[in-house]
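One structure below.
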Amino acid sequence: MKITFCSSYVLVLLLVAWLFMSSSLVRAKYHVNLTNGLAENSKLIAHCQSKENDLGTRELYFGDSFDWKFTPNVWGTTLFYCDVSWNNLNLHFDIFKTNRDWYRCVQKEQVFDCRWIAQEDGFYFYNRLSQSFELEYPWPR
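All residue numbers for the sequence shown refer to numbering that gives the first Met the number 0, where the first residue is 0 and numbers rise by one.
Structure (structure tokens):
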């Protein structure tokens, strides 16, 4: 099959358009927020990180939040995960995955807001599609 200059030009143009569209989705800014919604006087310990960024360990008391902003990598493979503990319960979970969360987080101007809340039965994510918090990761029992 012979590729002509015109068909090569069209292929390059389509590739550039695809790269622009896909990179604009993953290159947006994201804000991840984890809130302690456990009972008053309950302390949640959270250590969150990605492959590139260790965000440290935080002690969150009732109503406290742990949050950060970032821009996902161009490949769309950014992953942040947390190790959390409360009342002798421990859980490891993915708090942000580009391919899972780019459409679920709430867009506010130029930032996508990804909200989580810890409850006594597990971790809830606010899904913009259902417009409600949904249990995503239950505590192990």
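Ideal placement from N, C-alpha and C gives every residue a C-beta, glycine not left out.
V105 beta carbon less than 9 angstroms from that of F69
no
If we count the other Cβ atoms within 10 Å of its Cβ and call it buried at 16 or more, is D100 buried or exposed?
buried
Beta-carbon separation of K42 and N52 under 9 angstroms?
no
Where does L88 land, buried or exposed, given buried means 16+ other C-beta within 10 angstroms?
exposed
Exposure label - T56; buried when at least 16 CB within 10 Å
exposed
Would the beta-carbon of W74 fall within 9 angstroms of that of I44?
no
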